[in-house]
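There are 2 protein chains.
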Amino acid sequence: MAKRDGQLSLGAFLLHTGHHVAAWRHPGASDSTGFSDFVHFARIAENAKFDAVFLADGVSARVHNVEAASRKAHSGFYPFEPITLLSALSAVTSRIGLVATASTSFSDPYNLARQFASLDHLSGGRAGWNLVTSADASAAYNFSRDAIIAHADRYKRAEEFVDVVTGLWDTSDDDAFVRDRKSGVYFHQEKVRRLDHRGAFFQVRGPLNIARPPQGHPVVVQAGSSEPGKELAARTAEAVFTAQQTLESSIAFYSDLKGRLAKYGRAADDMKILPGVFPVVGRTRQEAEEKFEQLQALLEPSVGLDMLAELAGVEEVRTLPVDALISQLPETEGGKSRRALFLELAARENLTLRQLYQRVAGARGHWQIVGTAAEIADELEERFINFGADGFNIMSPALPWGLSDFVELVVPELRRRGLFRNEYQGSTLREHLGLKRPSAQSAASAAAAE
Amino acid sequence: MAKRDGQLSLGAFLLHTGHHVAAWRHPGASDSTGFSDFVHFARIAENAKFDAVFLADGVSARVHNVEAASRKAHSGFYPFEPITLLSALSAVTSRIGLVATASTSFSDPYNLARQFASLDHLSGGRAGWNLVTSADASAAYNFSRDAIIAHADRYKRAEEFVDVVTGLWDTSDDDAFVRDRKSGVYFHQEKVRRLDHRGAFFQVRGPLNIARPPQGHPVVVQAGSSEPGKELAARTAEAVFTAQQTLESSIAFYSDLKGRLAKYGRAADDMKILPGVFPVVGRTRQEAEEKFEQLQALLEPSVGLDMLAELAGVEEVRTLPVDALISQLPETEGGKSRRALFLELAARENLTLRQLYQRVAGARGHWQIVGTAAEIADELEERFINFGADGFNIMSPALPWGLSDFVELVVPELRRRGLFRNEYQGSTLREHLGLKRPSAQSAASAAAAE
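Here the protein sequences come in this chain order: V and C. Residues in the first sequence are numbered consecutively from 1, following the UniProt record's numbering. Residues in the second sequence are numbered consecutively from 1, following the UniProt record's numbering.
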């Protein structure tokens, strides 16, 4: 294949004990979800020189529809909260990036700016914030609201939220805190400033009461693929985590999103697009297929429906006939892009509801490849060199073996092709991803000039 | 002296590079405030078998009155945010408790319940939450409010907040998550329940989407000594961190607070009272005094006034004549107990404003002892055996040497007297402090019976 300059980025998506919804039942998966498991997973990824580990999150358990079904799945439960877990992992890793998901709908910008700044200090510049707007209706009920916030309003709040957070990170200059013992000057007054933000959702004076993060800004990651989601990403995101099934849709999404950057004064390289991929690797195609079938056999129908209801934000799937073809799903205020993706997939592959949940039980709407290392490397390379991706978030079928398989079989193949690093070159997540470090002074001058 | 049964608890209060406001200028203090410093401090305390390390916090920098003064002090800046810092420390310590301060006025109960539950899981049951209501007016401006929340309202919100948090910790039973691979049952539906809280400040459905913490509840710590503060503590706190200058006030406070427990159905042992103490230890009295004078010599007047303004919530001290006696300070909606304590201290010792800030620059309103190990042990023992304290929070003058001095000189003296443990007996903070583990089932039955 023709060569595209540069190398691709790899993230390790760590969800429970594997990305397949039945992974926890697999005899080869970690049989707990303790901290030592996550240390093990993170070290596999760090030893392989991955750019980052990536933690999903949600702020509700989905046991409000009390049915026997839910007890057979994670149902929104997490072993740890991501910011605390990554803080702990920062102490036992040294190079890998640490990306935590946090919601703009159900957090406060001052607290969140501070915790991510702190994680960036703790880790020496390895923090990333995956900004989500929380599409799950059940979250609202945990935060003194009686209904899900409408999709458009969630994105308006997110737009303002991210400005407050990045603004707070810029309320001190990198060299503000001198702690000069002789003169007694702890910090330079003129290098610390208020934010004085007054918006529709937030009024925040600042400054943030923690020094500017080592990376300037922890890397801002975003995942929404709806129209408001893409605009938010184009203006503010530095890495985009997206679900794309086909080469065509990957290229279209990549070109669409990168094409939106210029109007915000940004270059194509200011954002990395990292689709999720669910790779099941075997030494032969048959071995890979057998691994996948072993997971599929552990899938309970109720768990499959539960997952569809959750990801598409459409509770009604629980009551639809499972063996009828899917042509439509109700409109929702939940996550719009995943719902559209499921409909497309069902139409393209002519799937019944049952076939749909089986089809997505592993990748959960992301791209799925079952094959040999060479076949998987071929597919990743194809998307990379055709500008369908700048890298990938690896969603291991079950942990740790799914990640170990990828590291032992696929990574060497990518290296042989010159597509992935042998050693870390930089020390921060921003450096791993090839992103510029933002300057606080220029942000302050831009604000002053307005 | 007569013996009181049992041993005292010790906490290590870790503030910047020392508790004296000028500690950071001391040549023997750590010259950075990096993570490795905190690892070092925590390990000194853990090697000495302390019950816990304790981190203060605030959610604003105090640079709103832009004057040259503030740049000479920390002014509300912190090197790390406490929950993230303690999460990182959990990975490199194994026995010591980890207590983080967090505000009920400027946090959300679902998020806070979740982060402390997560810290408790990460640390194997070593988490504690020091509940504060944020007396500093400048915090409000960072959270979309245009004025400080009135003292009474802060405490009403705190009362409801702590009920929601402990309620969320009880939304699953200890044995709810079975993850039974064979049957496919991830959790027992009947051992997980909603909270369905509907109050004046919060509506929270639950359940919390993380398993019940190892300790049942992370230990709830509280510090307020005002009337509403004492009532909140009597109903909900398991450890109380208080500033008491004299033996008499210690005994009065101890007796007052423990006397309030019965009406909430609690026993005297259900709460541990741990006053702060600022010990400056020398091998001789003269050496101790010289150590203290060395710190005092580094104190800038503006920094002293700044600290008084902050702790008493009275900005006006900056404009009062520094060499006049203090007899009154303006009323405030800030922290009431520290203001009263300063006035009492000034009256008892006949202090000018200048003398007052010098007097409290080290202990910041807490008890200060400058002397030999035997003298300090005598004083601690006296308060302990007379039921003025169940233990102490040690506020080291400068770190690490202030803590090392205490550990090397005073701790052996306490051990010789049988007042402090030689080894950890338990593995959780609750066990170190001698506190019962709350049952989720009994909480649920109590709620159902209402």
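Just so you know, even glycine gets a beta-carbon here, dropped at the ideal spot from N, CA and C. Remember, it's a predicted structure, so these values are computed and weren't measured experimentally.
Could you pull the start and end residues of the alpha helix (DSSP H) that residue i belongs to?
i	result
glycine 402 of chain V	401 to 405
tryptophan 129 of chain C	Where tryptophan 129 of chain C is concerned, there is no enclosing alpha helix (DSSP H), although the beta strand (DSSP E) it sits in stretches over 127 to 132.
serine 123 of chain V	109 to 123
methionine 271 of chain C	From DSSP, methionine 271 of chain C is part of no alpha helix (DSSP H); its letter is neither H nor E.
tyrosine 254 of chain C	247 to 259
arginine 266 of chain V	That residue, arginine 266 of chain V, is in no alpha helix (DSSP H); it is neither H nor E in DSSP.
tyrosine 155 of chain C	151 to 169
glycine 304 of chain C	301 to 312
glycine 229 of chain C	227 to 236
glutamine 358 of chain V	353 to 360
glutamine 296 of chain V	285 to 296
residue 461 of chain V	Because residue 461 of chain V is not part of the residues shown, which for chain V are 1 to 450, the question remains open.
valine 411 of chain C	411 to 416
Using a Cβ-Cβ cut-off of 8 Å (strictly less than) and excluding sequence neighbours within five positions of residue i, which residues of its own chain qualify?
i	result
alanine 354 of chain V	The sequence given here has arginine at residue 354 of chain V, not alanine. The answer, listed in chain order, is Pro301, Gly304, Val322, Asp323.
proline 207 of chain V	Leu168, Thr171, Ser172, Val192, Arg193, Arg194, Leu195
phenylalanine 292 of chain V	Val280, Gly362, Val370, Pro397
isoleucine 210 of chain V	Arg114, Ala117, Ser118, His121
valine 162 of chain V	Thr104, Leu131, Val220, Leu232, Thr236
Using a Cβ-Cβ cut-off of 7 Å (strictly less than) and excluding sequence neighbours within five positions of residue i, which residues of its own chain qualify?
i	result
residue 464 of chain C	The structure shown does not extend to residue 464 of chain C, since chain C is modelled only from 1 to 450, so the question has no answer here.
proline 330 of chain C	Val314, Glu316
alanine 268 of chain V	Lys258, Leu261
alanine 374 of chain C	Glu413
arginine 339 of chain V	Ala312, Gly313, Val314, Leu329, Thr332
When the Cα atoms are used, what is the spatial distance from residue i to residue j?
i	j	result
alanine 312 of chain C	alanine 100 of chain V	38 Å
valine 281 of chain C	leucine 89 of chain C	27 Å
leucine 435 of chain C	valine 221 of chain C	12 Å
residue 458 of chain C	serine 30 of chain C	There is simply no residue 458 of chain C to check, as chain C begins at 1 and stops at 450 in what is shown.
glycine 391 of chain C	glutamate 431 of chain C	14 Å
histidine 19 of chain V	alanine 288 of chain V	16 Å
aspartate 5 of chain V	lysine 230 of chain V	26 Å
phenylalanine 35 of chain C	leucine 122 of chain V	6 Å
glycine 199 of chain V	arginine 437 of chain V	26 Å
proline 27 of chain C	threonine 17 of chain C	11 Å
serine 32 of chain V	aspartate 174 of chain C	15 Å
serine 250 of chain V	glutamate 382 of chain V	11 Å
histidine 188 of chain C	arginine 154 of chain V	34 Å
methionine 271 of chain V	leucine 14 of chain C	40 Å
isoleucine 44 of chain V	valine 407 of chain V	8 Å
leucine 409 of chain V	tryptophan 401 of chain V	12 Å
glycine 76 of chain V	serine 138 of chain V	10 Å
Ends of the beta strand (DSSP E) at residue i?
i	result
leucine 8 of chain V	Neither: leucine 8 of chain V is in no beta strand (DSSP E) and is coded neither H nor E.
leucine 55 of chain V	52 to 55
alanine 102 of chain V	97 to 103
tryptophan 367 of chain V	367 to 372
isoleucine 394 of chain V	391 to 395
arginine 193 of chain C	Note, arginine 193 of chain C: premise wrong, no beta strand (DSSP E); not H, not E.
arginine 179 of chain V	177 to 180
Decide if residue i is buried, meaning its Cβ has at least 16 other Cβ atoms within 10 Å, or exposed.
i	result
tyrosine 264 of chain V	exposed
valine 178 of chain C	exposed
glutamate 413 of chain C	buried
serine 9 of chain V	buried
aspartate 146 of chain V	exposed
asparagine 393 of chain C	buried
aspartate 108 of chain V	buried
Leaving out the 5 sequence neighbours to the left and right, which residues in its chain are closer than 6 Å to residue i when beta-carbon positions are compared?
i	result
alanine 68 of chain V	Any reading at alanine 68 of chain V needs caution, since the residue's pLDDT is 45, under 50, leaving its predicted position unreliable; the model's value is listed next. Within the same chain, alanine 68 of chain V has no close Cβ partners at all.
glycine 371 of chain C	Arg285, Ala288
aspartate 130 of chain V	This sequence places asparagine at residue 130 of chain V; aspartate is not what is there. Taken in chain order, the residues that qualify are Val99, Thr101, Val221.
threonine 166 of chain V	His217
Compute the distance between the beta-carbons of residue i and residue j, then report whether it is under 9 Å.
i	j	result
alanine 158 of chain V	isoleucine 148 of chain V	no
alanine 48 of chain V	tyrosine 254 of chain V	no
phenylalanine 342 of chain C	leucine 356 of chain C	yes
serine 226 of chain V	lysine 336 of chain V	yes
alanine 22 of chain C	leucine 295 of chain C	yes
serine 144 of chain V	phenylalanine 143 of chain C	no
isoleucine 273 of chain V	alanine 252 of chain V	no
leucine 429 of chain V	alanine 127 of chain V	yes
alanine 309 of chain C	arginine 266 of chain C	no
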